[in-house]
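Notes for the one structure printed next.
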Amino acid sequence: MKCGKLLLVFGALLAGSEGARHPHLPPYLLGRPTSQGFVAHGDRFSENADTPIANLTRKTVPQKVDNFDNTNNAMYDQHYWYNSNYTQGKGIVFLMIQGEAPATDLWIQNPNYQYLKWAKEFGADVFQLEHRCFGQSRPYKDLSYPNIKVCTMSQAIADIHSFIGQMNIKYNFRNPKWITFGGSYPGTLSALFRQQHPEDTVGAVASSAPLDWTLDFFEYAMVVEDVLKQTSTDCWQNVNDAFYKMQQLSLTKQGIQQLNGYFDLSPPFVDGQYTQHDIDNFFANLYGFFQGVVQYTYDGRNAATLNGLNVQQLCNKMNDKNVPDVINRVNNTVNWINQMNGDKVGPFQNSYKDMMAVLANVTYDNSGDLAANRGWMWLCCNELGALQTTDQGRNIFQQTVPMGYFIDMCTDMFGPDVGIKFIRDNNKQTLYKYGGADNYQATNVVLPNGAFDPWHVLGTYNNNTGNHMTPLLIQGAAHCSDMYPTYAGEPADLQRNRDIIHKELKYFLGL
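Residue numbers (mature numbering (1 follows the signal peptide of the UniProt record, and there is no 0)): -19 to -1, 1 to 492.
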């Protein structure tokens, strides 16, 4: 699930600047890129935490391992970044909340990101806070169960509250005017923090922020289908025909062998050796390629999207009359997406067991990038849901990605305690605790969504002019689109909505 773009292009920077993903992982898991997550939403110019950057410091702040257990005094070091390049000593402070990926220098130093342009205009001090359990902010030494149970939205919100208090003391901020920013899941945190701790901030921007965290997120596929149909009815029909034919082939041994011939599967389906999980995994990964393009379509997030990784070009591939077989067009589309993202073209990851071996690994890798996939899956299995099935009935992706596939993933990753009842009940509790989208109310908060973004259906559109609660639906734009640098040819409705956000920020700050 997640959001960024480029400042400068060093040398021969390619579309693949996001970094290689693990060979046993698909490109996306539940709407999140499996390589570098949120920070992958932009070309990056430094991963080295030791690289000096003018007026940028990287530090840690002590936080409670469990904010809600008064008997537990254990502490951990939460990492944060402080950019003082724009400060004018006015007490204006911007906080970029990070989420389900390691935080890096990218979102705190690229002056073309919208919030940093506003920081310069308003003279703000700027902070970035890494989410607990991701990157180097590790409450425990690993992500084993039950250690990972402290990785929750409630704990993250409590961390933000503690962080702001500690920064006010450390940097001697008197009567500060904090504004939080976040995109996607961090957008949710920004919105909920404003609701729960209005005393800490004067406002919030919560971009592409899901608030109606539903368990079976079949609506995601409905939006993908709608966007394809709006782009090209032929494309919509060809995707439907291809997935229907592939589903029919998956029902027989002979058909399964034909699928081997269409795709460079690793491993191939071998009679007697593959399981229903492998078939579900095959379709989930195929569907994931279409998800990724639509979710970020026309976003100025990186070189890939700027150079044509969008739904129009996807449809051009699916409508290619030089390739008569629509299943071959799907394979060509997958290869094109890999090429645009800088990933290896083939083979196609096709083992549920191999994927689960990666996700079940409880250890942190050095950067925390690989481990972040387990962290994101925990957030979904434990609280958020958002399981992106194709269970909605008749649809172009057919009923190829069932709820049971994701439930079994959760159990296989975290153990028998995390079964269907655990997942269902915890997700219901999340909706009950935070109220969902329909019941969300707060003051001084802007909630932008892109109309092409499948996540927009989980956002709130409650409009309270008197309280300056301002939802926005940006036509022709997708995930976190308002956060990126402006680029030539971007969706026409973007600038109008950025102007609204800017106007609201001025109101929040009393300017």
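Backbone N, C-alpha and C fix where the C-beta goes; we use that ideal spot for every residue, glycine too.
Notebook entry, point to check: With DSSP run on the structure shown, which of helix, strand or coil describes H5?
Noted result: Taking the sequence shown and counting its residues from 1, the one referred to as residue 5 is at position 24. Correct three-state label for H5: coil.
Check: Between G116 and the rest of its own chain, which residues show a CB-CB distance below 6 Å, the 5 nearest in sequence each way excluded?
Finding: The residue given as residue 116 occupies position 135 in the sequence shown. So the qualifying residues of the chain are P83, A84 and G349.
Next item on the list: Decide if Y413 is buried, meaning its Cβ has at least 16 other Cβ atoms within 10 Å, or exposed.
Entry: Residue mapping note: residue 413 aligns to position 432 of the sequence shown, counting from 1. Under this definition Y413 is an exposed residue.
Margin query: Just to confirm my understanding: we take T38, look at its own chain, exclude 5 residues before and 5 after, and list those with CB closer than 6 Å. What are they?
Written below: For this step, residue 38 is matched to residue 57 along the sequence shown. The answer, listed in chain order, is Y63.
Margin query: Can you list, in chain order, the residues of its chain with a C-beta nearer than 6 Å to that of E200? Leave out the 5 residues immediately preceding and following it.
Written below: Translated into positions along the sequence shown, residue 200 becomes position 219. V438, listed in sequence order.
Check: Who does F162 pair with in a DSSP beta bridge?
Finding: Taking the first residue of the sequence shown as position 1, residue 162 is located at position 181. Under DSSP, the beta-bridge partners assigned to F162 are M77 and V186.
Next item on the list: Answer with buried or exposed for T15, where buried requires no fewer than 16 other C-beta atoms within 10 angstroms of its C-beta.
Entry: Working through the sequence shown from its first residue, we reach residue 15 at position 34. With 16 or more other Cβ atoms within 10 Å, it is buried.
Next item on the list: Grab the span of the beta strand (DSSP E) containing R113 for me, first residue to last.
Entry: Along the sequence shown, one-based indexing puts residue 113 at 132. First-last for R113: undefined, no H or E at that position.
Check: Going by DSSP, which residues form a beta bridge with D58?
Finding: On the sequence shown, position 77 is the one that residue 58 refers to. DSSP lists P43 as partners of D58.
Next item on the list: Let me know the secondary structure DSSP gives Q147 once reduced to three states.
Entry: Position 166 of the sequence shown, counting from 1, holds the residue named residue 147. Under the three-state reduction of DSSP output, Q147 falls in the helix class.
Checklist line | Cβ-Cβ separation, L486 to L453 (assumed contact under 8 Å), whole Å | finding: On the sequence shown, position 472 is the one that residue 453 refers to. On the sequence shown, position 505 is the one that residue 486 refers to. The pair is not a contact, with the Cβ atoms about 13 Å apart (cut-off 8 Å).
Check: Are there 16 or more other CB atoms within 10 angstroms of the CB of I150, so buried, or fewer, so exposed?
Finding: Residue 150 sits at position 169 when you count from the first residue of the sequence shown. Exposed, because fewer than 16 other Cβ atoms sit within 10 Å of the Cβ of I150.
Next item on the list: Verify whether the separation of the beta carbon atoms of G440 and N430 is less than 8 Å.
Entry: Taking the first residue of the sequence shown as position 1, residue 440 is located at position 459. Taking the first residue of the sequence shown as position 1, residue 430 is located at position 449. Yes. Within cutoff.
Notebook entry, point to check: What are the complete beta strand (DSSP E) segments, minimum 3 residues, inside the segment 382 to 431?
Noted result: 426 to 431
Next item on the list: Give me the Cα-Cα distance between L490 and K226, rounded to the nearest whole angstrom.
Entry: Working through the sequence shown from its first residue, we reach residue 490 at position 509. Working through the sequence shown from its first residue, we reach residue 226 at position 245. In a straight line, the C-alpha of L490 is about 57 Å away from that of K226.
Notebook entry, point to check: Pick from N262, N303, K302 and N288: whose alpha carbon is nearest that of Q320?
Noted result: Taking the first residue of the sequence shown as 1, we reach residue 320 at position 339. If we check each option's Cα against that of Q320, N288 comes out closest.
Item checked: The alpha helix (DSSP H) enclosing L267, as first and last residue numbers -> What you label residue 267 is simply residue 286 of the sequence shown in a count that begins at 1. That run of the alpha helix (DSSP H) goes Q257 to Q276.
Checklist line | Residue(s) in a DSSP beta bridge with Y63 | finding: In the sequence shown, the residue the question calls residue 63 occupies position 82. The partner list for Y63 (beta bridge, DSSP) reads T38 and F108.
Checklist line | CA nearest to the CA of V274, picked from I237, P127, N53 and W317 | finding: Here residue 274 refers to the residue found at position 293 when the sequence shown is read from its first residue. The residue with the shortest Cα to Cα distance from V274 is W317.
Notebook entry, point to check: Considering only residues of the same chain and omitting the five flanking positions on each side of N363, which have a CB-CB separation below 6 Å?
Noted result: Taking the sequence shown and counting its residues from 1, the one referred to as residue 363 is at position 382. Result list for N363: N407, in chain order.
Checklist line | Which listed residue (D123, S189, W359 and Y61) has its alpha carbon closest to that of Q147 | finding: Position 166 of the sequence shown, counting from 1, holds the residue named residue 147. Considering only alpha carbons, the answer is Y61.
Item checked: 6 Å Cβ shell around D480 - same chain, five flanking residues per side excluded -> Translated into the one-based positions of the sequence shown, residue 480 becomes position 499. Residues of the same chain with their beta carbon placed closer than 6 Å to that of D480 are lacking, with the five preceding and five following residues left out of the count.
Margin query: Distance check for I482 and L475, CA to CA, integer angstroms please.
Written below: Sequence index remark: in the sequence shown, residue 475 carries index 494 (1-based). Sequence index remark: in the sequence shown, residue 482 carries index 501 (1-based). One C-alpha to the other measures close to 11 Å.
Notebook entry, point to check: Quick one, are the C-beta atoms of A352 and L124 less than 8 Å apart?
Noted result: Stepping through the sequence shown from its first residue, residue 352 is reached at position 371. Stepping through the sequence shown from its first residue, residue 124 is reached at position 143. Yes, the Cβ-Cβ distance between A352 and L124 is below 8 Å.
Check: Is it the case that the Cβ atoms of G12 and Q272 are separated by a distance below 8 Å?
Finding: Position 31 of the sequence shown, counting from 1, holds the residue named residue 12. Position 291 of the sequence shown, counting from 1, holds the residue named residue 272. In this structure, Q272 lies closer than 8 Å to G12 by Cβ.
Notebook entry, point to check: Quick one, which of D259, N91 and A459 has its alpha-carbon nearest N291's?
Noted result: In the sequence shown, the residue the question calls residue 291 occupies position 310. Cα-wise, what sits closest to N291 is A459.
Note to self: On the DSSP letters alone, give me the boundaries of the alpha helix (DSSP H) that I481 sits inside.
What the structure shows: As a working mapping, residue 481 is identified with position 500 in the sequence shown. First-last of the alpha helix (DSSP H) with I481: D474 to F489.
Notebook entry, point to check: Should S188 and C461 be called a contact, given that it needs their Cβ atoms to be closer than 8 Å?
Noted result: For the purposes of this step, residue 188 is taken as residue 207 along the sequence shown, with counting starting at 1. For the purposes of this step, residue 461 is taken as residue 480 along the sequence shown, with counting starting at 1. Yes; because the gap between Cβ atoms is below 8 Å, this pair is in contact.
Notebook entry, point to check: Quick one: any contact between the segment 370 to 389 and the segment 131 to 143, if contact means 3 or more CB pairs under 8 Å?
Noted result: no
Checklist line | Distance between P397 and D197 (C-alpha atoms, nearest Å) | finding: Here the question's residue 197 lines up with position 216 in the sequence shown. Here the question's residue 397 lines up with position 416 in the sequence shown. Distance between the alpha carbons of D197 and P397: 20 Å.
Note to self: Ignoring anything shorter than 4 residues, give me the alpha helix (DSSP H) runs that lie fully in the segment 204 to 244, in order along the chain.
What the structure shows: DSSP runs (the alpha helix (DSSP H)) wholly in the segment 204 to 244: 214 to 230 and 234 to 243.
Margin query: Given the structure, does D261 come close to the ligand MG, in the sense that its CB is under 7 Å from one of the ligand's heavy atoms?
Written below: Although the ligand MG was asked about, the structure shown includes no ligands whatsoever.
Check: How big is the Cα-Cα spacing for T212 and L295?
Finding: Within the sequence shown, residue 212 is the residue found at index 231, counting from 1. Within the sequence shown, residue 295 is the residue found at index 314, counting from 1. Spanning the two alpha carbons is a distance of roughly 10 Å.
Notebook entry, point to check: Unbroken alpha helix (DSSP H) runs of length 4 or more, entirely within the segment 301 to 346: which are they?
Noted result: 307 to 322 and 333 to 340
Notebook entry, point to check: When DSSP builds the beta bridges, which residues end up paired with T451?
Noted result: Here residue 451 corresponds to residue number 470 of the sequence shown, with the count starting at 1. In the DSSP output, where bridge partners are listed per residue, T451 has V427.
Item checked: Beta-carbon proximity list for N300, same chain, < 7 Å, skipping 5 on both sides -> As a position in the sequence shown, residue 300 is number 319, starting the count at 1. The answer, listed in chain order, is S213, D215, C216 and N219.
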